[in-house]
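Participant: Could you have a look at this structure, given as structure tokens, before my questions?
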Amino acid sequence: MSPLPPGPREPPVLQTAHWLLRPISFLESCRRSFGDTFSVRFLGFRTPMVMVTHPDAIRALYSVREHGLPPGRTVALLPIVGPRSLLLLEGRAHLARRRMMLPPFHGERMRAYESIVRDAVERDVERWPVGQSFALHPRMQAITLDVILRAVFGVTDQGRRARLAERLGHLLASTSSVGLQFGVLLSRRLGGPDPLARLQTVRHEIDALLAAEIAERRADPRDDILSMLIAARFEDGGAMDDEELRDQLMTLLLAGHETTATGLAWTFDLLLRHPRALARLVAEVAAGEEAYLRAVVAESLRLRPVVPLAGRRLSSELRVNGHVLPPGTDVTPAIWLAHTRADRYPEPFAFRPERFLEDAPATYAWIPFGGGVRRCLGAAFAEMEMRVALAEILRRRALRPASSAAERVARRNVTFSPRTGTRVVAEVLVA
Ligand code: HEM
Numbered sequence: 011m012s013p014l015p016p017g018p019r020e021p022p023v024l025q026t027a028h029w030l031l032r033p034i035s036f037l038e039s040c041r042r043s044f045g046d047t048f049s050v051r052f053l054g055f056r057t058p059m060v061m062v063t064h065p066d067a068i069r070a071l072y073s074v075r076e077h078g079l080p081p082g083r084t085v086a087l088l089p090i091v092g093p094r095s096l097l098l099l100e101g102r103a104h105l106a107r108r109r110m111m112l113p114p115f116h117g118e119r120m121r122a123y124e125s126i127v128r129d130a131v132e133r134d135v136e137r138w139p140v141g142q143s144f145a146l147h148p149r150m151q152a153i154t155l156d157v158i159l160r161a162v163f164g165v166t167d168q169g170r171r172a173r174l175a176e177r178l179g180h181l182l183a184s185t186s187s188v189g190l191q192f193g194v195l196l197s198r199r200l201g202g203p204d205p206l207a208r209l210q211t212v213r214h215e216i217d218a219l220l221a222a223e224i225a226e227r228r229a230d231p232r233d234d235i236l237s238m239l240i241a242a243r244f245e246d247g248g249a250m251d252d253e254e255l256r257d258q259l260m261t262l263l264l265a266g267h268e269t270t271a272t273g274l275a276w277t278f279d280l281l282l283r284h285p286r287a288l289a290r291l292v293a294e295v296a297a298g299e300e301a302y303l304r305a306v307v308a309e310s311l312r313l314r315p316v317v318p319l320a321g322r323r324l325s326s327e328l329r330v331n332g333h334v335l336p337p338g339t340d341v342t343p344a345i346w347l348a349h350t351r352a353d354r355y356p357e358p359f360a361f362r363p364e365r366f367l368e369d370a371p372a373t374y375a376w377i378p379f380g381g382g383v384r385r386c387l388g389a390a391f392a393e394m395e396m397r398v399a400l401a402e403i404l405r406r407r408a409l410r411p412a413s414s415a416a417e418r419v420a421r422r423n424v425t426f427s428p429r430t431g432t433r434v435v436a437e438v439l440v441a
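Read left to right, the sequence shown gives residues 11 to 441 (my numbering).
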């Protein structure tokens, strides 16, 4: 008898299509039919993936350092980030990098990056149309890309930033379509040409631009994160070589840019449809307070978690919900389901930042950044960037939604993204 919990009976191709095209309805139907724990089968994966949603199960999963990564992450990310990426390494190799890369992302250092975010917002907002509808998500992408290029890569020259931003935008857009993801999974299943091969040219162009930045920073270190990574040492005294630095830069870019932009777009989508929360936030921002701002960010990441899955491949057995899952099983929290449990969050589908004013998010019931030894390295950076960008935008523009219908969730690469890009209308605020 299979020790795995039951799950949908459709063939993998249908489960995959449902997951890629209508992820929330897929997850909800699993919750309705199977409860807290269930197994899904995705195309291209030889074994089922067990999804868990109870905080105790999530704690048990994330507390064991030795668990590995399930194969899904590699499929989506390897072509962009390269083999030595922190996102893809496991075991000792992963821990060694993580130790090196943590200090620049420590919470206390975040103040140093606030002015970069403010500046990026200020310059972008000046170019927004006034009185006409436009999509906010691409603007957030431009801002978060600019922030990473400056704070992480340390590119101060505007022309170079524009060139890198254009090439990177092209690479990210080409890898994000559902069609391409489906093509990759299918080619793995059936053999045949790899749909990602045609992206090699743009990758090489980006690599050349990054090699120039790395060489410059080696010769003339500054206070960006790249300079800190160049100076950092492994326990044996060795340093990262240029190829590895490139992989980690692409990792930080990929992990940190789209995610934060999407988190911001969702936050605006929610806020603009909740006028009382918006008014309260605008007033608190004007008064220079941060408590409600923090609560808004936490509530947005709860209700619209940007990354839906952050799984592990078990290195030892895991007991959940009466099942004993054997080593080798792929297990992931279904983050959206974990965040909308009625036993943890009264009125789970309501946008109520107030719920986080008194109680900080609980570690294993609020997991937009995953958990344990692989928890998002940039969580403090992302929350800082979201707070500063939100406050700065609300000080400069009055925004309203361009349509009365709330955004639906679409899959974009490894994220849950607003389907139509969060269209808004902006008016200039006179100080
Ligand atoms: C709202 C924005 C963000 C969200 C929702 C997010 C979410 C996540 C999630 C779910 C993971 C996987 C965690 C796990 O497996 O337990 C992750 C990993 C990671 N994130 Fe983020 N992230 C965000 C922003 C950032 C930023 C700004 C950076 C850096 C500039 C960053 C860098 C990373 C890195 C390097 C990892 C890999 C950590 C490891 O494997 O040890 N992320 N992120």
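Beta carbons are placed, not taken as given, at the ideal position from N, Cα and C, and that holds for glycine.
#1: Got a sec, what are the start and stop residues for the beta strand (DSSP E) L409 sits in?
#2: Tell me whether the beta-carbon of L291 lies closer than 7 angstroms to the beta-carbon of V306.
#3: Out of A408, M396, E417, point me to the one whose CA is closest to M150's CA.
#4: Does the region 129-143 come into contact with the region 250-263, if we say contact requires no fewer than three beta-carbon pairs (one atom in each stretch) closer than 8 angstroms?
#5: Around the Cβ of P13, are there at least 16 other Cβ atoms within 10 angstroms (buried) or fewer (exposed)?
#6: Specify the secondary structure class of P428 as computed by DSSP and reduced to three states.
#7: DSSP state of P65, grouped into three classes?
#8: Report all residues from its chain with a CB closer than 6 angstroms to the CB of E263; omit the five preceding and five following residues, and keep chain order.
#9: Going by C-alpha distance, which of V435, G381, P65 is nearest S414?
#10: Please give the ranges of any alpha helix (DSSP H) in the region 262-308, keeping only runs that are unbroken, at least 4 residues long and fully inside the region.
#11: Just to check, is the beta-carbon of G92 closer than 6 angstroms to a non-hydrogen atom of the ligand HEM?
#12: Quick one: Cα of A401 to Cα of G388, how far?
#13: If F278 and T432 are in contact, beta carbons under 8 angstroms, what's the gap, nearest whole angstrom?
#14: By the three-class DSSP mapping on this structure, what secondary structure does V440 have?
#15: Count the other CB atoms within 10 Å of the CB of V392; is the residue buried (16 or more) or exposed (fewer)?
#16: What did DSSP end up calling A130 once you bin it into helix, strand or coil?
#17: CB-CB under 6 angstroms to P378, same chain, minus the five flanking residues each way: which ones, in chain order?
#18: Does M59 come out as helix, strand or coil in the three-state DSSP assignment?
#19: Rounded to whole angstroms, what's the CA-CA distance from M11 to R42? Just pull it up for me.
#20: According to DSSP, simplified to helix, strand and coil, what is H116?
#21: To the nearest angstrom, how far is the alpha carbon of F244 from that of V62?
#22: Hey, is P81 close to the ligand HEM, as in C-beta under 6 angstroms from one of its heavy atoms?
Facilitator: Working from what's here:
#1: Going by DSSP, L409 is part of the beta strand (DSSP E) stretching over 407-411.
#2: With respect to V306, L291 sits close: the two C-beta atoms are nearer than 7 angstroms.
#3: When the alpha-carbon of M150 is set against those of A408, M396, E417, the nearest one is in M396.
#4: Touching, no.
#5: When all chains shown are included, P13 counts as exposed.
#6: Reduced to three states, the DSSP call for P428 is strand.
#7: Residue state for P65 is assigned as helix, using DSSP reduced to three classes.
#8: For the sequence presented, residue 263 should be read as Leu rather than Glu. Residues I158 of the same chain have their beta carbon placed closer than 6 angstroms to that of L263, with the five preceding and five following residues left out of the count.
#9: Selection V435, G381, P65 evaluated against S414 yields V435 as nearest (Cα-Cα).
#10: List check, alpha helix (DSSP H) in window: 285-296.
#11: Outside the cutoff, so no.
#12: If you draw a straight line from the Cα of A401 to the Cα of G388, it comes to about 20 angstroms.
#13: Taking 8 angstroms as the upper bound for CB-CB distance, F278 and T432 are in contact here, some 6 angstroms apart.
#14: In the structure shown, V440 adopts coil according to DSSP, grouped into three states.
#15: The question names Val, but residue 392 is Ala in the sequence shown. Residue environment: A392 is assigned as buried (16 or more neighbouring CB atoms within 10 Å of its CB, all protein chains considered).
#16: In the displayed model, A130 falls within a helix according to three-state DSSP.
#17: Excluding positions up to five away in sequence, the list reads L311, P315.
#18: DSSP, reduced to helix, strand and coil, places M59 within a strand of the structure shown.
#19: Confidence at M11 is low in this model, with a pLDDT of 44, below 50, so its placement is unreliable and the value that follows should be read with caution. The straight-line gap from Cα to Cα measures roughly 24 angstroms.
#20: In this structure, H116 counts as coil in the three-state DSSP scheme.
#21: In this structure, the alpha-carbon of F244 lies about 35 angstroms from that of V62.
#22: The beta carbon of P81 sits no closer than 6 angstroms to any heavy atom of the ligand HEM.
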